[in-house]
Amino acid sequence: MKRIVFSLLTLGIFSGAATAQNIAEQKAIFLKDSLAVITARVENKIIRGRYMEKNLISQTTTLKNWEGITVGLYEYKETADAPLARVYLADASAGKIAAWVITACVEATGKLEFAHTSLLIFRINEASNGQFPVLGAVVENNTPYIFKDGVTIGPAQNFPNLLDPDSVTEDKITVTKRFGRIISTTREQYNALFPGIDVTDHKWRDAVREEYKKALNSDTNNLIVAWAKANLK
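Mind the numbering: the sequence shown is residues -20 to -1, 1 to 213 in mature numbering (1 follows the signal peptide of the UniProt record, and there is no 0), read in order.
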């Protein structure tokens, strides 16, 4: 019977009740039994669409506020007619994103269901293709936007040199928009999970940056957990 249950878990169609075990134990079980299958789905649905990873220029571990984390500088064109742009990315692997999906589902619902993992994978792909722009230009539908720490900080006309992300300095930033990568988490969703953290104005970027940095070395991404708790039923 145990082997049958684990086989169903691997297929992603078995749901475990949160009341039966501690959430941490549930996450460990699902990470063991379903990670490979969900990693393959993430690879197929998300990673293949990463259009900003076309040409790696360089890598660094000394970018301000990202020290110790490998960040890649990429040059790309979204389409043949789109402007050439450069951006620093800190993209997670398919396996890492799959782990985040699993733990977010368990944190939000106490179980792992195919419909829930499908929704998270779809939403991550729609929001970002799983790409986390640390600094620079993100071109979407041939329109450039400037990002810092995973959040839009304004239209490209405020930062006209799309090939020089290092020119995007803090003194030039006048706005921090609503959605945080990689699943378009909002301030409201994040504060529902962590009500004591100030995410007003530019402090939202600080929260997104620090959560994502932690997530790169964890099976849990609280930005995805916050979105899942607000949207998974």
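Think of the CB as a built atom: it goes at the ideal place given N, C-alpha and C, for glycine as much as any other residue.
So residue 234 is in the alpha helix (DSSP H); what residue range does that whole segment cover?
Outside the shown range of the chain, which is -20 to 213, sits residue 234, and nothing can be said about it.
- Own chain partners of Asp146 with C-beta closer than 6 Å, once the 5 adjacent residues on each side are dropped: Locating residue 146 in the sequence shown gives position 166, where the first residue counts as 1. Here the set comprises nothing.
Q. Between the beta-carbon of Val67 and the beta-carbon of Gly116, is there less than 8 Å?
A. The residue given as residue 67 occupies position 87 in the sequence shown. The residue given as residue 116 occupies position 136 in the sequence shown. Yes; because the gap between Cβ atoms is below 8 Å, this pair is in contact.
### Task
Compute the distance between the beta-carbons of Phe10 and Ile101, then report whether it is under 8 Å.
On the sequence shown, residue 10 is found 30 positions in, with the first residue counted as 1. On the sequence shown, residue 101 is found 121 positions in, with the first residue counted as 1. No. Outside cutoff.
*Should Arg158 be labelled buried (16 or more other beta-carbon atoms within 10 Å of its own) or exposed?*
Here residue 158 is taken as the residue at index 178 of the sequence shown, counted from 1. It is exposed - the Cβ of Arg158 has fewer than 16 other Cβ atoms within 10 Å.
By Cβ distance below 8 Å, which residues in the same chain neighbour Ile26 in space, the five residues on each side in sequence not counted?
-> Here residue 26 refers to the residue found at position 46 of the sequence shown. Cβ within range, chain order: Ala74, Ile77, Ile101, Ile104, Asn105, Asn109 and Gly110.
Task: Cutoff 6 Å; reference Leu(-10); Cβ partners in own chain excluding five residues on either side - done: Here the question's residue -10 lines up with position 11 in the sequence shown. Note that Leu(-10) has pLDDT 41, beneath the 50 cutoff, so the model's placement of it is unreliable and the number below is only indicative. Result list for Leu(-10): empty, nothing under 6 Å.
Check your understanding: According to the Cβ coordinates, are Trp80 and Thr156 closer than 8 Å?
Key -> Here the question's residue 80 lines up with position 100 in the sequence shown. Here the question's residue 156 lines up with position 176 in the sequence shown. In this structure, Thr156 does not lie closer than 8 Å to Trp80 by Cβ.
Exposed or buried, Gly48, counting other C-beta atoms within 10 Å across all chains shown (16 or more means buried)?
Indexing the sequence shown from 1 puts residue 48 at position 68. Label assigned to Gly48: exposed.
task: Measure the beta-carbon distance from Gln6 to Val86 and round it to whole angstroms, keeping in mind my assumption that it falls under 8 Å.
output: As a first step, residue 6 must be located in the sequence shown, where it is residue number 26. As a first step, residue 86 must be located in the sequence shown, where it is residue number 106. The pair is a contact, with the Cβ atoms about 5 Å apart (cut-off 8 Å).
**Asked** Taking 8 Å as the CB-CB limit, is Gly134 close to chain D?
**Response** The structure shown has no chain D; it contains just one protein chain.
- Tell me whether Ser38 sits in a helix, a strand or coil according to DSSP, three-state version. Within the sequence shown, numbered from 1, the residue matching residue 38 stands at position 58. In this structure, Ser38 counts as strand in the three-state DSSP scheme.
Where are the beta strand (DSSP E) runs, 3 residues long or more, that stay fully inside the stretch 5 to 92, in chain order? 35 to 40, 51 to 56 and 65 to 69
Can you list the beta strand (DSSP E) stretches of 3 or more residues lying completely in the stretch 139 to 163, in chain order? none
Next item on the list: Pick out whichever of Arg21, Thr180, Glu33 and Ala210 has its Cα sitting closest to the Cα of Pro113.
Entry: Residue mapping note: residue 113 aligns to position 133 of the sequence shown, counting from 1. Ranking the options by Cα distance to Pro113, first place goes to Glu33.
Contacts around Thr89, its chain only, beta-carbon distance under 6 Å, and the 5 residues preceding and following it disregarded: Residue mapping note: residue 89 aligns to position 109 of the sequence shown, counting from 1. Contacts found: Leu212.
| task | Measure the alpha-carbon distance for Pro135 versus Asp13 and round it to whole angstroms. | result | The residue labelled residue 135 in the question sits at position 155 within the sequence shown. The residue labelled residue 13 in the question sits at position 33 within the sequence shown. The alpha-carbon atoms of Pro135 and Asp13 are separated by roughly 44 Å.
Straight-line gap, Gly130 to Lys91 (C-alpha atoms, nearest Å)
Taking the sequence shown and counting its residues from 1, the one referred to as residue 130 is at position 150. Taking the sequence shown and counting its residues from 1, the one referred to as residue 91 is at position 111. Taking the straight line from one Cα to the other gives about 29 Å.
Legend entry - DSSP beta-bridge partners of residue 223: Past the edges of the chain, shown from -20 to 213, lies residue 223, and the structure says nothing about it.
Beta-carbon proximity list for Leu53, same chain, < 6 Å, skipping 5 on both sides
Mapped onto the sequence shown, residue 53 falls at position 73. So the qualifying residues of the chain are Ile37, Ser38 and Tyr68.
C-alpha gap between Thr41 and Ala208, whole angstroms: Residue 41 sits at position 61 when you count from the first residue of the sequence shown. Residue 208 sits at position 228 when you count from the first residue of the sequence shown. Going by the C-alpha atoms only, they are around 31 Å apart.
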